Structure formats: C-alpha cells, structure tokens
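The structure appears below as structure tokens.
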Amino acid sequence: KPKAGLGGHQVSLRLVLVGKTGEGKSSSGNTILGREAFRAASSHSSGITHTCEKLFQRTISVVDTPGLFDTTMSEDAVKREISKCINMSAPGPHAILLVIRVGPFSAEERDAVKKVEEIFGEGAWRYTMILFTHGDKVEEDFDEFIKEESGPELQEVLMKAGNRYHVFNNLRANDRRQVLNLLEKVDKMVADNGGESYSNKTYLQVEEMLKQRESELREFYEKKLTEEEDKVKSEYEKKLTEAREEKQQLEKRLWCELEEVRRYYRALENGVRQIVEQMTRDDCFDEILTNETQSGFLKIVLSTIILCFRSTGL
Numbered sequence: 001k002p003k004a005g006l007g008g009h010q011v012s013l014r015l016v017l018v019g020k021t022g023e024g025k026s027s028s029g030n031t032i033l034g035r036e037a038f039r040a041a042s043s044h045s046s047g048i049t050h051t052c053e054k055l056f057q058r059t060i061s062v063v064d065t066p067g068l069f070d071t072t073m074s075e076d077a078v079k080r081e082i083s084k085c086i087n088m089s090a091p092g093p094h095a096i097l098l099v100i101r102v103g104p105f106s107a108e109e110r111d112a113v114k115k116v117e118e119i120f121g122e123g124a125w126r127y128t129m130i131l132f133t134h135g136d137k138v139e140e141d142f143d144e145f146i147k148e149e150s151g152p153e154l155q156e157v158l159m160k161a162g163n164r165y166h167v168f169n170n171l172r173a174n175d176r177r178q179v180l181n182l183l184e185k186v187d188k189m190v191a192d193n194g195g196e197s198y199s200n201k202t203y204l205q206v207e208e209m210l211k212q213r214e215s216e217l218r219e220f221y222e223k224k225l226t227e228e229e230d231k232v233k234s235e236y237e238k239k240l241t242e243a244r245e246e247k248q249q250l251e252k253r254l255w256c257e258l259e260e261v262r263r264y265y266r267a268l269e270n271g272v273r274q275i276v277e278q279m280t281r282d283d284c285f286d287e288i289l290t291n292e293t294q295s296g297f298l299k300i301v302l303s304t305i306i307l308c309f310r311s312t313g314l
C-alpha cells in the first residue's frame, strides 16, 4: 500500500518527463529539483537520466528522457532508452509530465505524443499531466489562452490528459511556488487514481526482473569475491612455502589484500540497483567488470561506486 505523509500526500513521488527534444524537459526537471541535475539536451541528446531529491519533506524522483525522442538515434538505441526509462521509473510513475512548449502545436510534438502512448499505453493518460514551458510568453490569463488559442490537436491531447495541465514561467525558474503548485496538482491526480502509481504488464514484469537481476548480481559478486579470495590465498600459500622466514609478514599482507578485495565487492553490491537499471535483459554480468565494454551512464555509475569505495573505505 502506498505510504502517505503530511496531509495524506505520498511520501515519495516518481515523475517521468516526456516530450519532443527542445521543449524544456531537462530544464523543467532542474526547476522541479531546484538545482542543475540534468543537462539541457540539444538535438543530439544524451541518454535517460534519473535523480532523487528531498523536497518539501518528501522524496521526489525525476526521470528525464531526452533519448526517447531523438529522431537521429537507431532503432536499437531507442529500444535501449525505452528499457532504461521503464527500469528507472519502476514499479511505475505517479505522474507522466508531458512537456510542451507554449506556441503552435507542431507535427513533431504530435509525433512525440503518439510515441508516449506507444511506450506507456493508453491507460497512462489517467496519470498524465501537460507541463507547458515558457508560460512567460503568454501575457493574458493562461486558462483563457488555452481555450481561445490552442488548436484542435492540442485540445485533443488536453482532453486525453483529463484537461490537467500546469505552466512553468521560465523567467521565474527559482520561484518554488510554481513547483509546489505543480506537486499539489500531481497529488490530486494521484489521489484521484486511488493513491497508486501507474503500472501495466510491462512495469510488473520489469519490477520482477529488476529484483531478480539485483539478486543475481549480488550472487555474482559473492562468487567473484570467493574466487578472488581463493586466488589471493593460493598466491600467498605459494609464497609462504618459498619463504618460510617471511611468514609473519606475508600473512599480514595476505589479510590486508583479502580485506581490500572484500571491501571492493561489498561496495559494488551496495550499488546493484543503479547498475541493473542501466542494463538490458541481454547484458552479461561479466562484461560490466570489464572497462572496455562499459559505456555511457553505466560507466559513470560504476566509476562513482569505485571512487566512493576508494575515498571512504566502505
């Protein structure tokens, strides 16, 4: 059952930002989190990223999806981005924020809306809210602007989203009131959906898969740890037979090296969730320990875990 906090609101919220490249998804994510968590995408966008922040006594998780709508990416790359999006927002988002820039509704925006429906399914509209960016360009009342100026295609999108929308004024990016108002609207939508996050067959399968992969990766690390321990012990046993007089010193070095190996794999085990979110079903565990096969955000995750291990002595 979902956990409720102050005022009956969700203690944690999972938000997914979707929409055409250049609409302001990353900037909106930064506005929500109150810091530069995401890099604003160009037409050659970076991969999907995910970050959490403690806001208004709650944990807000935001997934930015620039790669999903990059028309220059290959089909295989797009499929991997979709997999990462589902992984990072599992067990399901509380809100899908469809980001649309104020102005004429373009063919590219229409295609992006269609793609959102293809990825998440028609049932996701109950959990979708339109987030308009550059609201500062509208001088009149925005509600009146939507009624009078938006064309039939945008009206259809609004209708699918239950006429739920919010406006970000880009000239007031540091105004936390517009973020608080957005979260209040999201809370109302979540309440209307029975306090549940969006889920479908894919999300259920992915959440089960992630749990299984986490367990498998931990077992993999335990196996590797045992192998490394046996290897270290074997090397030192050989040295001990060759140098009896150095036995005490060698034994000390043995236990120091064993402790280093154990701490290394314990650090990796602590980060299994972040690692499996970056993997697909076909990725091999052995490959993630080989630098030559690491790429993109997975390499950053592993590097961060190892850096923390070295600097803090986990």
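The numbering of the sequence shown is UniProt numbering, which starts it at 1 and goes up by one.
In this text, a Cβ means the ideal position worked out from N, Cα and C, and glycines have one as well.
Since the model is a prediction, treat every value here as computed from it, not as a measurement.
- In this structure, Leu171 and Asp143 do not form a Cβ contact; the two beta carbons are roughly 19 Å apart against a cut-off of 8 Å.
- DSSP places Asp64 in the strand class (E or B) of the three-state scheme.
- In this structure, DSSP gives Val11 a state outside helix and strand, which the three-state scheme calls coil.
- The residue from Thr49, Gly92, Leu98 with its alpha-carbon nearest to that of Gly24 is Leu98.
- Just so you know, the alpha carbons of Gly92 and Ser197 end up roughly 6 Å apart.
- For Phe120, the enclosing alpha helix (DSSP H) starts and ends at 107 to 120.
- Setting aside the 5 residues that flank it on each side, Val232 is surrounded in the same chain by Glu257, Leu258, each with a C-beta closer than 6 Å to its C-beta; the list follows chain order.
- In the three-state scheme derived from DSSP, where H, G and I count as helix and E and B as strand, Met279 is classed as coil.
- In the DSSP assignment, Phe132 falls within the unbroken beta strand (DSSP E) covering 128 to 133.
- Ranked by how close their Cα comes to the Cα of Ala124, the residues Tyr265, Leu210, Thr202, Glu222 have Thr202 in first place.
- For the 9 Å CB-CB criterion, Ala95 and Val16 form a contact.
- For the pair Met279 and Asn87, the CB atoms are nearer than the 9 Å cut-off.
- Membership of Val167 in the beta strand (DSSP E) is indicated by the continuous run 165 to 167.
- Going by DSSP, Cys52 is part of the beta strand (DSSP E) stretching over 49 to 55.
- Shortest Cα-Cα distance from Tyr221 to any of Asp175, Leu250, Val272, Lys252 involves Val272.
- Ile96 is bridged by DSSP to Val16, Thr128.
- Taking a 10 Å sphere around the C-beta of Cys284, we find fewer than 16 other C-beta atoms and assign the residue as exposed.
- Thr31 carries a helical assignment under DSSP once its states are collapsed to helix, strand and coil.
- Taking each of Gly195, Lys223, Met129, Ser150 in turn and checking the Cα distance to Glu269, the smallest one comes out for Lys223.
- Under the DSSP assignment, Asp187 falls in the alpha helix (DSSP H) whose first and last residues are 176 to 192.
- Of all C-beta pairs linking the segment 150 to 166 to the segment 125 to 134, three or more are shorter than 8 Å, placing the two stretches in contact.
- In the displayed model, Thr202 falls within a helix according to three-state DSSP.
- Across the set Thr72, Glu228, Leu33, the C-alpha of Leu33 shows the shortest separation from the C-alpha of Glu53.
- With 16 or more other Cβ atoms inside 10 Å of its own Cβ, Phe132 counts as buried.
- In the DSSP secondary-structure assignment, Thr59 is bridged to Ser12, Lys54.
- Out of Lys147, Glu153, Glu237, the CA that lies nearest to the CA of Arg110 is found in Glu153.
- Between Glu184 and the set Arg253, Lys115, Ile60, the nearest pair of CA atoms involves Ile60.
- Arg262 is the residue among Pro104, Glu148, Arg262, Thr241 whose C-alpha sits nearest the C-alpha of Glu227.
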